[in-house]
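Student: Residue numbers (the working numbering), protein chains in the order written: chain H, 9 to 366; chain X, 4 to 293.
The beta-carbon is built from N, C-alpha and C at its ideal position, and this holds for glycine as well.
All values reported here derive from a predicted model rather than from experimental measurement.
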Amino acid sequence: MAAPRKPRDERLRQVGRLRRFLSRPETGAVAGAIIIFVFFSIVAGDKGFLASRGIRSWLEVSAQLGIIGLGATLLMIGGQFDLSVGSMIAAAGMLFLLPVVVFGWPIPLALVVVFLFAAGVGFVNGTIVNRTGLPSFIVTLAFLFILRGLTLGITRAVTGSTQVSVRAFIGTVDGVVTGADARAVLQETVFGRMFSFEWLGLPASVWWWLGLTLLAAYLLLRTPFGNWIFAVGGNPEAARNAGVPVELVRVLLFMGTAFCASILALLQVFDLGSADVTRGTLKEFEAIIVAVIGGTLLTGGYGTAVGAVFGALIFGMTSQGIFIARWNTDWFRVFLGALLLVAVIFNNYIRKRATEAS
Amino acid sequence: MATSGAASRRPGAASAQAEPPVVELRDIVKTYGRVVALNGVSMAVRAGEVMCLLGDNGAGKSTLIKVLSGVITATSGEVLLRGQPVRFDSPREAQRHGIATVHQHLAIQPLMSVTRNFFLGREPTVGWGPFRRLDMAKARRVAVAEMGRMGIDVRDADQAVGTMSGGERQCVAISRAVYFGAEVLILDEPTAALGVRQAGVVLRYVAQARARGLAVILITHNVHHAYPVADAFTILRRGTSYGTFVKSEVTREEVLRMMSGTEELDALEAELEEFALADQERPGGGGEGR
Ligand SMILES: Nc1ncnc2c1ncn2[C@@H]1O[C@H](COP(=O)(O)OP(=O)(O)OP(=O)(O)O)[C@@H](O)[C@H]1O
Ligand SMILES: [Mg+2]
Chain H
9 MAAPRKPRDE
19 RLRQVGRLRR
29 FLSRPETGAV
39 AGAIIIFVFF
49 SIVAGDKGFL
59 ASRGIRSWLE
69 VSAQLGIIGL
79 GATLLMIGGQ
89 FDLSVGSMIA
99 AAGMLFLLPV
109 VVFGWPIPLA
119 LVVVFLFAAG
129 VGFVNGTIVN
139 RTGLPSFIVT
149 LAFLFILRGL
159 TLGITRAVTG
169 STQVSVRAFI
179 GTVDGVVTGA
189 DARAVLQETV
199 FGRMFSFEWL
209 GLPASVWWWL
219 GLTLLAAYLL
229 LRTPFGNWIF
239 AVGGNPEAAR
249 NAGVPVELVR
259 VLLFMGTAFC
269 ASILALLQVF
279 DLGSADVTRG
289 TLKEFEAIIV
299 AVIGGTLLTG
309 GYGTAVGAVF
319 GALIFGMTSQ
329 GIFIARWNTD
339 WFRVFLGALL
349 LVAVIFNNYI
359 RKRATEAS
Chain X
4 MATSGAASRR
14 PGAASAQAEP
24 PVVELRDIVK
34 TYGRVVALNG
44 VSMAVRAGEV
54 MCLLGDNGAG
64 KSTLIKVLSG
74 VITATSGEVL
84 LRGQPVRFDS
94 PREAQRHGIA
104 TVHQHLAIQP
114 LMSVTRNFFL
124 GREPTVGWGP
134 FRRLDMAKAR
144 RVAVAEMGRM
154 GIDVRDADQA
164 VGTMSGGERQ
174 CVAISRAVYF
184 GAEVLILDEP
194 TAALGVRQAG
204 VVLRYVAQAR
214 ARGLAVILIT
224 HNVHHAYPVA
234 DAFTILRRGT
244 SYGTFVKSEV
254 TREEVLRMMS
264 GTEELDALEA
274 ELEEFALADQ
284 ERPGGGGEGR
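Structural data, given as structure tokens:
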């Protein structure tokens, strides 16, 4: 290769130039979020988009998506998808509330069971992907149906209905007799407060979102495990040869998506005082959309947790903004599809710049 | 040239004879379904020795070193480290035993930075317990310094490796193996993509590693790279060992012949001579016309 010699040191040779923007995959999402915020501030600012109730509403929608989007982002950086997230939301919510309400389980026990179940689902998803080498798209699609079906079947068999509400049962929650004020009783328990508190006028979901994002960002950028996630998604064989425990990383990432789905499920259950077998429908795709808009590559190996925050904000501000502006919400889907396309094309372009030395 | 017996012959250093080889492979067999990639290969490398592994394409060189680096497990046969039998189920385990490898097909993450690639799987950390975190400052410093030693000036340690040239990527893989190799350094065609200067640096690294007392296994098709640094040569042919030869016993010419098989080379020479004759006989003389 005929690189020009630098006179200052003949032994040193210049390496290809840095592309600054490459180190910031979330740039597109940040810009998009700002544009959409300004846009709705102008067209719907006087209709309540900037009022505290309005802000609260789009922040809450963003937070709910952001939490599952975070799990999807880490997993996608690790080169996989999880389509069972939506069904997991319904399963986790039901697995928590049904035993508490119908069988009178103590709340801590139900929580432990939910998180063990989430870990189990993640383990099964990850292990099947590891062992068979099948695309996770197909494996988790199977669990999308299996989990939803199990939730529906068991709930109907036990309660004869597809919904469980604390109000519908005069029973006890943690020894307190419930009735019409059952939801308040549920929220007043120690763990109830963890999932339904409010601070600085913002709901618990927003704080969970913030906390989990910080945790994920730290994990990705500041720990060896984060380094492994990128490597497993970028080039699994090379990662294995470099000494990365590829299978373990994958299983943990699948556990992560199931965990995020469970957190969202619990936030919803404590907020509404009910669990429903239809909850979380299509959320698996919304989680992936959040990750992609946030700058994560569909092909893995590249992305950020912070990007997912802005991806979720774009999603939340748009869906609530259209609602607040009193436009026909049908158009939201069109906008969302177009946004997804733009994001994917943009990310693809970035990936090309990154992998093709020029 | 002594090819008879094809038994291992060792360099005669008396002190080296006393302790067992750093690595020893015994009767390694590796099959892929009906394909027999290795059929009972044995090889031993001592501390401070450079073993050059030679052979045609498909002879089984890469397969052999993959067994040693934990990428694959042998169908049968034994791996011994300093006389102790070991079994590697993953590359991570081989690394723990101080074995560092540069694979022929690069183990590089194109979307990750030079620094993160350099330390992948062996990240330096600060803090303890759950607060153990990457020591990025140290990682950057070491990665830039080590690349600089190979003559590559990494101006930005956070540059994606995918934006580097093929040879520069190879240098990342080599410098990281040299940095981490504690006992055994394995290089599978490390100089294939390199320019003359970087190839020279790699050969100097090999010599330095030997001086540090490492056992080095070098695979190359280039006899000019192999001959100067090697202490011994092991020739693989179609999955079996043709023998191990100490450098003092063989000339460069003989190594070249063994690398491609004497008969083939002779046949090739005869064929080329025929071409030359045909050229001369053609009216109008040499082949310059078209
Ligand atoms: N995963 C595999 N499945 C089936 N056959 C394989 C596999 N890996 C290697 N082989 C076969 O084993 C033989 C040896 O391959 P190997 O890569 O070790 O050769 P090599 O000596 O490194 O050749 P080269 O000089 O071209 O790198 C080849 O014939 C190859 O086809
Ligand atoms: Mg090879």
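1) Counting C-beta neighbours from all protein chains within 10 Å, is the total for residue 143 of chain X 16 or more, i.e. buried, or is it exposed?
2) Per the DSSP calculation, residue 193 of chain X is bridged to which residue(s)?
3) What ranges does the beta strand (DSSP E) occupy inside the segment 204-271 of chain X, keeping only unbroken runs of at least 3 residues that lie completely in it?
4) When the Cα of residue 225 of chain H is compared with those of H:57, H:325, H:311, which residue comes out closest?
5) Residues of chain X with CB under 8 Å from residue 369 of chain H, in chain order?
6) To the nearest angstrom, report how far apart residue 194 of chain H and residue 275 of chain H are at their CA atoms.
7) Any C-beta of chain H sitting closer than 7 Å to the C-beta of residue 110 of chain X?
8) Among all the DSSP beta bridges, which residues are the ones paired with residue 87 of chain X?
9) Mind reading off the beta-carbon distance from residue 231 of chain H to residue 317 of chain H? Whole number of angstroms is fine, and I expect it under 8 Å.
10) At which residues does the alpha helix (DSSP H) containing residue 161 of chain X begin and terminate?
11) Buried or exposed, going by whether 16 or more other CB atoms sit within 10 Å of the CB of residue 349 of chain H?
12) According to DSSP, which residues form a beta bridge with residue 103 of chain H?
13) Please determine if the segment 106-125 of chain H and the segment 137-145 of chain H are in contact, where contact requires at least 3 C-beta pairs separated by less than 8 Å.
14) Please decide whether residue 230 of chain H counts as near chain X, where near means a Cβ-Cβ distance under 7 Å.
15) May I ask you to report which of helix, strand or coil DSSP gives residue 74 of chain X?
16) Figure out for me which residue from X:227, X:68, X:258 has the closest Cα to the Cα of residue 94 of chain X.
17) Does residue 203 of chain X come within less than 7 Å of chain H when only Cβ atoms are used?
18) In terms of residues, what are the limits of the alpha helix (DSSP H) holding residue 139 of chain X?
19) What whole-angstrom Cβ distance do residue 138 of chain H and residue 255 of chain H have, given they're in contact under 8 Å?
20) Quick check: the segment 162-176 of chain H against the segment 288-307 of chain H, are there 3 or more CB pairs under 8 Å?
21) Check the Cβ of residue 84 of chain X against every Cβ in chain H and list those closer than 8 Å, keeping chain order.
22) Three or more C-beta pairs closer than 8 Å, one from the segment 209-224 of chain X and one from the segment 180-199 of chain X: is that the case here?
23) Nearer than 6 Å: is that true of the beta carbon of residue 72 of chain X relative to any heavy atom of ligand 2?
24) Take every Cβ of the segment 266-280 of chain H, pair it with every Cβ of the segment 87-105 of chain H, and state whether three or more of those distances are shorter than 8 Å.
25) Report yes if the CB atom of residue 66 of chain X is closer than 7 Å to the CB atom of residue 41 of chain X, and no otherwise.
26) List the residues of chain B whose Cβ lies closer than 8 Å to the Cβ of residue 310 of chain H, in chain order.
27) Indicate, with yes or no, if ligand 1 has a heavy atom lying under 6 Å from the CB of residue 79 of chain X.
28) Anything with a beta carbon under 7 Å from a heavy atom of ligand 4 counts; list them all in chain order.
29) Quick one: list the residues of chain H neighbouring residue 173 of chain X, beta-carbon separation under 8 Å, in chain order.
30) Quick one: is the Cβ of residue 229 of chain X within less than 6 Å of any heavy atom of ligand 1?
31) Cα-Cα, which of X:72, X:101, X:249 is closest to residue 229 of chain X?
32) Cα-Cα, which of X:50, X:98, X:106 is closest to residue 85 of chain X?
33) On the CB-based measure, 16 or more other CB atoms within 10 Å of its CB, does residue 277 of chain X come out buried or exposed?
34) Given residue 134 of chain H, which residues of its chain have a CB within under 6 Å of its CB, disregarding the five upstream and five downstream residues?
35) Determine, using beta carbons only, whether residue 235 of chain H comes closer than 7 Å to chain X.
36) Put residue 94 of chain X into one of helix, strand or coil per three-state DSSP.
Tutor: In brief:
1) Taking the first residue of the second sequence as 1, we reach residue 143 of chain X at position 140. Buried, by the Cβ-count rule.
2) By one-based count along the second sequence, residue 193 of chain X stands at place 190. None, per the DSSP bridge assignment.
3) 218-222, 235-240, 243-249
4) Taking the first residue of the first sequence as position 1, residue 225 of chain H is located at position 217. Out of H:57, H:325, H:311, H:311 has the C-alpha closest to the C-alpha of residue 225 of chain H.
5) The requested residue 369 of chain H is not part of the displayed model; chain H covers only 9 to 366.
6) Translated into the one-based positions of the first sequence, residue 194 of chain H becomes position 186. Translated into the one-based positions of the first sequence, residue 275 of chain H becomes position 267. Those two C-alpha atoms are separated by around 12 Å.
7) Along the second sequence, read from residue 1 onward, the residue named residue 110 of chain X stands at position 107. Answer yes: the Cβ-Cβ gap between residue 110 of chain X and chain H drops below 7 Å somewhere.
8) Counted from its first residue, the second sequence places residue 87 of chain X at position 84. DSSP lists X:84 as partners of residue 87 of chain X.
9) For the purposes of this step, residue 231 of chain H is taken as the residue at position 223 of the first sequence. For the purposes of this step, residue 317 of chain H is taken as the residue at position 309 of the first sequence. Rounded, the Cβ-Cβ distance is 19 Å, inconsistent with contact.
10) As a first step, residue 161 of chain X is located in the second sequence; it is residue number 158 there, counting from the start. Element bounds for residue 161 of chain X: n/a, residue is neither H nor E.
11) Taking the first sequence and counting its residues from 1, the one referred to as residue 349 of chain H is at position 341. With fewer than 16 Cβ atoms within 10 Å of its Cβ, residue 349 of chain H is classed as exposed.
12) Mapped onto the first sequence, residue 103 of chain H falls at position 95. None, per the DSSP bridge assignment.
13) no
14) Translated into positions along the first sequence, residue 230 of chain H becomes position 222. Cβ-Cβ to chain X under 7 Å: yes for residue 230 of chain H.
15) Here residue 74 of chain X refers to the residue found at position 71 when the second sequence is read from its first residue. Coil.
16) For the purposes of this step, residue 94 of chain X is taken as residue 91 along the second sequence, with counting starting at 1. Of the candidates X:227, X:68, X:258, the one whose C-alpha sits nearest the C-alpha of residue 94 of chain X is X:68.
17) Here the question's residue 203 of chain X lines up with position 200 in the second sequence. For residue 203 of chain X, the answer is no, since every Cβ of chain H falls outside 7 Å of its Cβ.
18) On the second sequence, position 136 is the one that residue 139 of chain X refers to. Start and end: 139-152.
19) What you label residue 138 of chain H is simply residue 130 of the first sequence in a count that begins at 1. What you label residue 255 of chain H is simply residue 247 of the first sequence in a count that begins at 1. Going by Cβ atoms, the distance from residue 138 of chain H to residue 255 of chain H rounds to 5 Å, so yes, they are a contact pair.
20) no
21) For the purposes of this step, residue 84 of chain X is identified with residue 81 of the second sequence, where counting begins at 1. Within chain H, no residue comes near residue 84 of chain X; the closest Cβ sits about 17 Å away, beyond 8 Å.
22) yes
23) Here residue 72 of chain X refers to the residue found at position 69 of the second sequence. Result no, Cβ not under 6 Å from ligand 2.
24) yes
25) The residue you call residue 66 of chain X lines up with position 63 of the second sequence. The residue you call residue 41 of chain X lines up with position 38 of the second sequence. Yes, the pair counts as a contact, with Cβ atoms nearer than the cut-off.
26) Included in the structure are the protein chains H and X, with no chain B among them.
27) In the second sequence, residue 79 of chain X corresponds to position 76, counting from 1. No, the beta carbon of residue 79 of chain X sits no closer than 6 Å to any heavy atom of ligand 1.
28) Although ligand 4 was asked about, the structure shown includes only ligand 1 and ligand 2 as ligands.
29) As a working mapping, residue 173 of chain X is identified with position 170 in the second sequence. Neighbours of residue 173 of chain X on chain H: none; closest Cβ ~12 Å, over 8 Å.
30) Within the second sequence, residue 229 of chain X is the residue found at index 226, counting from 1. No; taking the cut-off as 6 Å, the Cβ of residue 229 of chain X has no heavy atom of ligand 1 nearer than that.
31) For the purposes of this step, residue 229 of chain X is taken as the residue at position 226 of the second sequence. When only C-alpha atoms are compared, the closest one is X:249.
32) Numbered from 1 along the second sequence, position 82 holds the residue referred to as residue 85 of chain X. It is X:50 whose Cα lies nearest to the Cα of residue 85 of chain X.
33) On the second sequence, position 274 is the one that residue 277 of chain X refers to. When all chains shown are included, residue 277 of chain X counts as exposed.
34) Residue mapping note: residue 134 of chain H aligns to position 126 of the first sequence, counting from 1. 258, 259, 262.
35) Locating residue 235 of chain H in the first sequence gives position 227, counting from the first residue. Output row for residue 235 of chain H: interface = yes.
36) As a first step, residue 94 of chain X must be located in the second sequence, where it is residue number 91. It is helical.
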